[in-house]
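**Q**
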Amino acid sequence: MNNLYFSFGLYFLGMLAVGIYFYLKTKNASDYILGSRNLPPSVAALSAGASDLSGWALMGLPGAIYAGGFGNIWIIFFTLAGVYLNWKLIAPRLRLLTEALNDAKTIPEYLSNRFGNNILLKTVSAAVTLFFFTLYVVAGLSGGAVVFEKTFGIDYDTALLVGSVAIISYTFLGGYLAVSWTDFFQGLMMAASMLVVALMLFFLFGGVSGTYQAAELHRITLDNLKPQMGWLLGLISLSGWCIGYLGQPHVLVRFMSVRRVEDIKVSRRIAMIWSTVTMLSALAVGFLGAAYFKEAPLPNSETVLIALSQALFHPFVAGLVIAGILAAIMSTIDSQLLVCSTTFSEDIYRTYFRKNASDREILNVSRIAVLVLACMGIYMAYSQKDSTLLSMVAYAWGGFGAAFGPVILLSLFWKRMTGTAAIAGMVTGAVVVVAWKQQTGGIFEVFEVVPGFTAATLAVVAVSLCGKAPELPVALNAAQIPTQPKTTQPKNG
């Protein structure tokens, strides 16, 4: 146990050191909120991936595979498709437009500037962001508490408090730069943790042939590959894991902060490699974990990676693996807290209370908002002990995907879109997700992001076509957004 504590403590000290380092380097609100748009491609790629996949990829997904079998592997394919489309379609245009439109630092600010300084749109998008991120933060804090609870044998409430303090510390201190760089290192830890456990199981079962038999891969048929809801509704539902990617604010801000548009192609490749390794390792852990614990099934399938690390490795190594799980959870919560705090400081505080607030004032308000939002999340997480991580994440994921996905996508590609249509789409998507979630049985088992995304898209198109064609901001035409970013050619001589 001492080795376990030591490796965990080492990890936490490292994260705190990063927070202190960037606290000393953060000079203004632009540094704290968006890192002055200076992220290298590798940091942008891995920090986006780590803040996105989070604890559900290391706990929820292996747990779903462990408990539900082959029918859940479709989540992996649709998720990887979503990662690719997000970097391919959204990233280049969003990076260019947010800077061109008065250097927008948040998604609500970008939307407001895109549609002629639309304050109502900024307010609605800020409200949607704060609502669904509160749910997302609660899911992450709850997942982190489970890790501490299962690892150290402490009660859930104490575990929740310890994990929360660790995350709040470096987010409060270092802001965007600290969050991005810690997420970069945590992304490496996530992939390494999953891969090490998967490889250990592979060799434990005797290589290819033993793994083939142990995981019962020889039993893969069309029937057991069929999603639980059947082929049609099942695949429609699971496609939500793809389209939901287009509207996740904590991922979109990474695109906005990439150093150069030309770096995005490199970031996309790194993101795809990292995501593929992590997801396939999660698949292996779920299947092989079910085989390993066949005689003594786990009471909670989402703890399969924790249980395997403790069963297979020396306590010091197990501590590092479990730290990787915690890294996944922390990397999402810190990003969400930061987006929430900057949304409040830039889109609510500066808009309604102090329009001429200085950079230092906005910086202080952002830090205070981190503390307040974290305390709210901790309070709500105390009542979420029995909810599964995957279901909690899916709800918030669906809300963002439906509310922001169609609005962001069409705002980047369709000049006929209006500000009123953006509000209509955002509200429609959010309301459909919340209403759909309250229903059960039949078609209502479809992932709520799918009907929400569809309804929001129709609302944006219908309201835009019914209204007057908008007067486009000068910067929108001046930016001349290309379908593909042009690569700068080196000069001769």
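Be aware that the sequence shown starts at 974, since it is given in my numbering, and climbs by one per residue. Yeah, the Cβ is synthetic: ideal placement off N, Cα and C, and Gly gets one too.
On a CA-only basis, which of Leu1174, Ala1164, Ala1291 is nearest phenylalanine 981? Give me that one, please.
**A** When each option's Cα is compared against that of phenylalanine 981, the closest is Ala1291.
**Q** Nearest to arginine 1232 by CA position, among Pro1014, Ile993, Leu989, is which residue?
**A** Of the candidates Pro1014, Ile993, Leu989, the one whose C-alpha sits nearest the C-alpha of arginine 1232 is Pro1014.
**Q** How many Å lie between histidine 1191 and tyrosine 1185 at the Cα?
**A** Any answer about histidine 1191 is weak, because its pLDDT of 43 lies below 50 and its placement is not dependable; what the coordinates show is given next. Distance between the alpha carbons of histidine 1191 and tyrosine 1185 is about 7 Å.
**Q** Report the start-end ranges of each alpha helix (DSSP H) in the segment 1283–1312 that is 4 residues or longer and not cut off at the edges.
**A** DSSP runs (the alpha helix (DSSP H)) wholly in the segment 1283–1312: none.
**Q** Tell me, to the nearest whole angstrom, how far the beta carbon of glycine 1378 is from that of glycine 1220; I am working on the premise that it is less than 8 Å.
**A** Yes, glycine 1378 and glycine 1220 are in contact; Cβ-Cβ is about 3 Å, under 8 Å.
**Q** Which of helix, strand or coil does DSSP assign to leucine 1074?
**A** DSSP places leucine 1074 in coil when its eight states are reduced to three.
**Q** Quick one: Cα of serine 1314 to Cα of isoleucine 1416, how far?
**A** Taking the straight line from one Cα to the other gives about 37 Å.
**Q** Return the chain-ordered list of same chain residues with a C-beta closer than 7 Å to the C-beta of lysine 1410, the five sequence neighbours on each side being excluded.
**A** Counting only Cβ-Cβ distances below 7 Å, and skipping sequence neighbours, we find Tyr1368, Glu1421.
**Q** Could you give the DSSP three-state label for valine 1258: helix, strand or coil?
**A** Note: valine 1258 maps to helix in three-state DSSP.
**Q** Nearest CA to the CA of phenylalanine 1373: which residue from Pro1443, Leu1278, Arg1241, Val1224?
**A** Per the Cα distances, Val1224.
**Q** Which runs of the alpha helix (DSSP H) fall wholly inside the segment 1081–1126 and span at least 4 residues, in chain order?
**A** With a minimum length of 4 residues, the continuous alpha helix (DSSP H) runs that stay inside the segment 1081–1126 are 1092–1125.
**Q** Can you name, in chain order, every residue of its own chain whose Cβ lies under 7 Å from the Cβ of valine 1169, other than the five neighbours on each side?
**A** Excluding positions up to five away in sequence, the list reads Val1294.
**Q** Quick one: is glycine 1350 buried, meaning 16 or more other Cβ sit within 10 Å of its Cβ, or exposed?
**A** Classification of glycine 1350: buried, given that the 10 Å Cβ count is 16 or more.
**Q** Within this structure, are the beta carbons of proline 1081 and aspartate 1332 separated by less than 8 Å?
**A** For proline 1081 and aspartate 1332, no; Cβs fall outside 8 Å.
**Q** If you draw a straight line from the C-alpha of leucine 1026 to the C-alpha of threonine 1305, how long is it?
**A** Their backbone Cα atoms lie some 8 Å apart in a straight line.
**Q** Ignore the nearest five residues each way along the sequence and tell me which others in arginine 1068's own chain have a CB closer than 7 Å to its CB.
**A** Correct list, in chain order: Phe1228, Met1229, Val1231, Val1234, Ile1237.
**Q** Using a Cβ-Cβ cutoff of less than 6 Å, which residues in the same chain neighbour phenylalanine 1105 once the five nearest sequence positions on both sides are dropped?
**A** Result list for phenylalanine 1105: Ala1369, Gly1372, Phe1373, in chain order.
**Q** For threonine 1393, which option in Arg1340, Ile1209, Pro1443, Ile1049 has the closest C-alpha, if you only look at C-alpha atoms?
**A** Nearest C-alpha to threonine 1393: Pro1443.
**Q** Measure the beta-carbon distance from isoleucine 1049 to methionine 1252 and round it to whole angstroms, keeping in mind my assumption that it falls under 8 Å.
**A** Right, their Cβ atoms sit about 5 Å apart.
**Q** State buried or exposed for alanine 1269, treating a residue as buried only when at least 16 other CB atoms are found within 10 Å of its CB.
**A** Per the 10 Å Cβ criterion, exposed.
**Q** When burial is assigned at 16 or more other CB atoms within 10 Å of the CB, is valine 1181 buried or exposed?
**A** Valine 1181 should be labelled exposed.
**Q** So for valine 1419, helix, strand or coil by DSSP?
**A** Of the three classes helix, strand and coil, the one that applies to valine 1419 here is coil, per DSSP.
**Q** Grouping DSSP H, G and I as helix and E and B as strand, with all else coil, what is leucine 1271?
**A** Residue state, collapsed to three classes: coil.
**Q** Looking only at DSSP bridge pairs, what is valine 1231 linked to?
**A** Answer is Leu1012, bridged to valine 1231.
**Q** Going by the CB atoms, is the gap between leucine 1177 and isoleucine 1038 shorter than 8 Å?
**A** In this structure, leucine 1177 does not lie closer than 8 Å to isoleucine 1038 by Cβ.
**Q** Check each candidate in Ala1030, Ala990, Leu989 and name the one with the smallest Cα separation from serine 1248.
**A** For serine 1248, the nearest C-alpha among the options comes from Ala1030.
**Q** Please tell me whether valine 1419 and leucine 1206 are closer than 8 Å, where the distance is taken between their beta carbons.
**A** Yes; because the gap between Cβ atoms is below 8 Å, this pair is in contact.
**Q** Just curious, the alpha helix (DSSP H) that leucine 1053 is in, first and last residue?
**A** From DSSP, the alpha helix (DSSP H) with leucine 1053 extends over 1047–1058.
**Q** Which of helix, strand or coil does DSSP assign to glutamine 1159?
**A** Three-state DSSP puts glutamine 1159 in a helix.
**Q** Please name the residue in Ser1153, Leu1062, Arg1066 whose C-alpha comes closest to that of isoleucine 1216.
**A** Here the closest residue by C-alpha is Leu1062.
**Q** Is DSSP giving arginine 1340 helix, strand or coil here?
**A** Of the three classes helix, strand and coil, the one that applies to arginine 1340 here is helix, per DSSP.
**Q** Look up glutamine 1411 in the DSSP assignment and say whether it is helix, strand or coil.
**A** Three-state result, glutamine 1411: coil.
**Q** If distances are taken between C-alpha atoms only, which option among Ala1376, Leu1034, Leu1383 comes closest to glycine 1425?
**A** The residue with the shortest Cα to Cα distance from glycine 1425 is Ala1376.
**Q** Could you tell me the alpha carbon to alpha carbon distance between isoleucine 1092 and leucine 997, rounded to whole angstroms?
**A** Whole-angstrom Cα-Cα distance: 34 Å.
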